[in-house]
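Chains as they are written, first to last, in my numbering: chain A, 2 to 330; chain B, 2 to 330; chain C, 2 to 330. Beta carbons: idealized from backbone N, C-alpha and C, even for Gly. Quick caveat, the model's predicted, so the values are computed rather than measured. Quick notes on the structure that follows.
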Amino acid sequence: MIRLADLAANQKLTFKGDADVLIESVATLENAQANQISFLANSNYKKYLTSTEAGVVILTESMAKEFDGNALISENPYVTFAYVAQYFAVQQKKASSIHHTAVMAETVQVAEDVSIGAYSVIGDNSQIGQGTVIHNQVSIGDDVKIGRNCEIKAGVKIESGCEIGDRVILHPGAVIGADGFGLARDKHKWVKIPQTGVVILGDDCEVGANTTIDCGAIENTVLGKDVKLDNQIQIGHNVVIGDHTVIAGCTAVAGSAKIGKNCLIGGGVGIVGHIEICDGVTVQAMALVTHSIKEPGSYSSVAPLQPTKQWQLDQIARKVNQLEKKIND
Amino acid sequence: MIRLADLAANQKLTFKGDADVLIESVATLENAQANQISFLANSNYKKYLTSTEAGVVILTESMAKEFDGNALISENPYVTFAYVAQYFAVQQKKASSIHHTAVMAETVQVAEDVSIGAYSVIGDNSQIGQGTVIHNQVSIGDDVKIGRNCEIKAGVKIESGCEIGDRVILHPGAVIGADGFGLARDKHKWVKIPQTGVVILGDDCEVGANTTIDCGAIENTVLGKDVKLDNQIQIGHNVVIGDHTVIAGCTAVAGSAKIGKNCLIGGGVGIVGHIEICDGVTVQAMALVTHSIKEPGSYSSVAPLQPTKQWQLDQIARKVNQLEKKIND
Amino acid sequence: MIRLADLAANQKLTFKGDADVLIESVATLENAQANQISFLANSNYKKYLTSTEAGVVILTESMAKEFDGNALISENPYVTFAYVAQYFAVQQKKASSIHHTAVMAETVQVAEDVSIGAYSVIGDNSQIGQGTVIHNQVSIGDDVKIGRNCEIKAGVKIESGCEIGDRVILHPGAVIGADGFGLARDKHKWVKIPQTGVVILGDDCEVGANTTIDCGAIENTVLGKDVKLDNQIQIGHNVVIGDHTVIAGCTAVAGSAKIGKNCLIGGGVGIVGHIEICDGVTVQAMALVTHSIKEPGSYSSVAPLQPTKQWQLDQIARKVNQLEKKIND
């Protein structure tokens, strides 16, 4: 529970309204109660601002002027909401402990304050940094390095040799360092190319549930710092992704593609192999990137949704044929 | 083994032909033998009707008239086939047992007739309803409620706080309640928004292998009753899906989308966040739904398949340019 | 370490340059050192040929003529690279061992030289062939047959009854034999169709991380020999895939589709159910295959990538409307 004035001071922000209103938790505009703080970041939800019962709303200065209630004023209400929500998120980290069923090679180096869950397995010479939490049924191969204050959720698999930075979160079922898809066609059969590289994840990366990142074929697959991957993503071998790039769910990045820094890649996107995307590119959902992108900006390739029977392309084609007839007649 | 007449009585249907023919199992029209029952539901397979050796075929009344053999007559042969196949599916449920390697917190409440497989782990205060079967290597967090007669297959992960109704089936590798993808951009880095909601699955839901359903950011991710999800699907945080909606494999539903009741969403579809799809909508495979859909009906957005070098759009563009020249000349 | 002349003899190839140069490992053209061998297979990388420090480069005869350094000459440098990389890949297979935590039914048949990792579970009557390695936390159901010299990586789940050939590799998190998505709509609810078939994988198949292959509904889901599946793929029930076909990541193949031999299916492709694709078909990334393909060749259906605001289709539509006006005036 915190007073609005104290919360504003804590966040180094100004406020408007009752300095003494007490806030206990965060909520949506639509469902907030008098002891909760909410925010307005998406204009779709502006309709709820007049009716909200939130004790405080995080708003821009101009929006705050239109609002009768208490407001915490921020240039970027969504970012402020993130910090406020972190403030309220109960920091109920359990005391560190290593479950007696965890199987660890003798050569594993475990720093202080590490937790390891039931039925997790860690191979030879792997290192686990201070404060890291490994949940249940995690598989970690040999020679893996995991940094400090990471969270490795249930059922994650990290293959041998991979390196994970500090404060990295791997969500349930993620697979780090599986073999890349390297095949050469010899007349009568496929020949497997040994995948001898590893995966290197920079500090502050987050990898979604059931996402897969392949190890490099010869060199490594490398994600920079603060790269955020959603669920169900496939990252091929030798891919390089720059700092602060974010990729939404179900996207596939083929082998040896290079993605720059500060890119926003939508969900269900396909990026073919051996191309480069420069810094600062946005790719819209479900686009297929078939060639290198050298200019920052927003790119897309998907046709608009249509009622099934009025397929636009067919319509245009028909119209063009009629015009052609007309002209030729 | 059952006589056709008895099977018809069991299903409250009529039949045509030999009342005493004995049926032992189900089969496809193409490969059925004299002691098997088959069905015709997809007209692609009508060609096999004349040559089938099935002892009985489930047919509509009009199809039965064209057919010389024994028929079980149904208004909906596919539904009847489903019930008949259930009849023959050996109900060889093993005796319930809790494997000695299962790790359960002392506070777990396990009802009668529950099975728990090897190396499964269940956290504090979780509840498992009567008749539920939990297979091997399942991870269940704290405060999880699982209803009656559920089946939780190998390697499923259910994160803390999630609620699962009765008769729910979760297939291998499914992840229920991983963190949603909530990030706010503060100038120099991404700030994680704590994901404090849970996932609520209604009765009779089915979740496919390696499908992921994220927990809500503030409120919950909610699937109604009898929602059926295929494999490799991604459901974002705060998504709401209505009763009886079915989604095919590899589809991605972004955060805070609302999908109505009785919808049929094809495979590989993308649904962007913060939109609403009304009841009774069909979305064709691989369509991208970028805005709310307010009318029931069928929607699609994918260009037709073409031999690679004759890309239709290019053709049309070329034609239009030629026409333009012609007109201007 | 091997002399170039010896390596050439080993590979039954000719070479050019210093017979005595010693090679220790493989590397990319860009980063190779004097004791390494590289290759040129993708013309994008030709630019590195003049500056490479590789001790030897694998080249075609014509490329070797343009190259001043040592070359191993091959009609297909990529295939030769694959074999050479296999030669150098340290064959450090650990001694076979069955971890004391592995849970195996008494009726399991394990051949000689089999390894089984920690916390893996194998059900009744399953058979594991000679030389096969099962890693940690693998779940194998009842009546499963696994051939010789297979590698089953961490966290793989193989459901009851499935049959796996020789030399098959299943990558982490793959699910073999989960229930197919079989539902019939009875007025008020969905009726589950029992999925009583299994999955049969031929010799030399490879299945990527977190890929899912459903069991058949009545008959089986069958992959021929040397079928290679990348990560995050969904194969529906009753699908049949011919020998030597390769499928890239995130592709979905719906139920009862038949794919021929020697096909190359790109990433993110959708193949609808109940259709047939003949031998020798290439499908480009993210295409949707909605009908049977009867002629070998290359097929695609995706619109080209565009800066978001210059959507080509809209442009053409506008132009056509202008033309129409012009003509009508």
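Spanning the alpha carbons of asparagine 211 of chain C and valine 228 of chain B requires a straight line of approximately 23 Å. One finds Ile194, Pro195 in chain C with Cβ atoms closer than 7 Å to the Cβ of alanine 86 of chain B, taken in chain order. Within its own chain, the residues whose Cβ lies closer than 6 Å to the Cβ of glutamine 110 of chain C, once the five positions on either side in sequence are excluded, are Gln128, listed in chain order. Distance from the CA of methionine 2 of chain C to the CA of glutamate 25 of chain C, rounded to the nearest whole angstrom, comes to 4 Å.
Contact check for alanine 286 of chain C and glycine 268 of chain C: beta-carbon distance about 5 Å, within the 8 Å limit, so the pair qualifies. Within the region 223–235 of chain A, those residues whose Cβ lies closer than 7 Å to any Cβ of chain B are, in chain order, Asp227, Lys229, Asp231, Asn232, Gln233. Among the CB atoms of chain C, none fall inside 9 Å of the CB of glycine 261 of chain A.
Assignment of isoleucine 276 of chain A by DSSP, reduced to helix, strand and coil, places it in the coil class. DSSP links leucine 60 of chain C through a beta bridge to C:Ile74. Taking 8 Å as the upper bound on Cβ-Cβ separation, chain A lies near residues Gly156, Lys158, Glu160 of the region 147–162 of chain B. The C-beta distance from histidine 100 of chain C to aspartate 180 of chain A rounds to 22 Å, too long to meet the 8 Å contact threshold. A Cβ of chain A is located within less than 9 Å of the beta carbon of proline 173 of chain C.
Alanine 72 of chain B and threonine 61 of chain B have their alpha carbons spaced roughly 9 Å apart. Nearest to glycine 209 of chain A by alpha-carbon distance, out of A:Ile236, A:Asn263, A:Ile117, A:Ala10, is A:Ile236.
With its beta carbon at least 9 Å from every one in chain C, glycine 130 of chain A lies outside the interface. Per DSSP, the continuous alpha helix (DSSP H) segment holding glutamine 12 of chain C begins and ends at 5–12.
Annotation: glycine 256 of chain A has no Cβ neighbours in chain B at a cutoff of 8 Å; minimum Cβ distance is about 20 Å. Shown here for phenylalanine 40 of chain C: same chain residues with a beta carbon closer than 6 Å to its own, the five before and five after excluded, namely Ile59, Pro78, Phe82 in chain order. In this structure, DSSP gives serine 44 of chain B a helical state, which the three-state scheme calls helix. Using a CB distance cut-off of 9 Å, lysine 295 of chain B does not count as an interface residue toward chain A.
Taking 9 Å as the CB threshold, serine 140 of chain C lines the interface with chain B. DSSP places threonine 197 of chain C in no beta strand (DSSP E); its state is neither H nor E. Within chain A, the residues whose beta carbon sits less than 8 Å from that of histidine 275 of chain B are Asn43, Asn45, listed in sequence order. Burial is judged here by how many other beta carbons sit within 10 angstroms of a residue's own beta carbon; glycine 298 of chain B has fewer than 16 and is exposed. For a Cβ distance threshold of 7 Å, residue set Tyr120, Val122 of chain C lies close to tyrosine 120 of chain B, ordered along the chain. Neighbourhood of leucine 324 of chain B in chain A, by CB distance below 9 Å: Val321, Leu324, Glu325, Ile328, in chain order. Under the 9 Å criterion on CB atoms, methionine 287 of chain B is classed as interfacial with respect to chain C. Non-local beta-carbon contacts of isoleucine 123 of chain B in its own chain, meaning distances under 6 Å to residues more than five positions away in sequence, involve Met105, Val109, Ile141 in chain order.
Counting C-beta atoms within 10 angstroms of its own C-beta, histidine 189 of chain C has fewer than 16 neighbours from the protein chains shown and is therefore classed as exposed. For the C-beta of threonine 246 of chain C, not a single chain B residue is nearer than 9 Å; the gap to the nearest is close to 18 Å. Put simply, the CB of glutamate 220 of chain C is near chain B, with a gap under 9 Å to one of its CB atoms. Sequence-distant partners of threonine 15 of chain B (beyond 5 residues in either direction) whose C-beta falls short of 7 Å from its own C-beta, in its chain, are Ala9, Ile74.
In this structure, the CA atom of valine 282 of chain C is about 23 Å from the CA atom of histidine 292 of chain A.
The Cβ neighbour count for serine 257 of chain B, taken over all protein chains shown within 10 Å, is at least 16; the residue is labelled buried. According to DSSP, residue pairing for glycine 271 of chain A in a beta bridge involves A:Ala253, A:Leu289.
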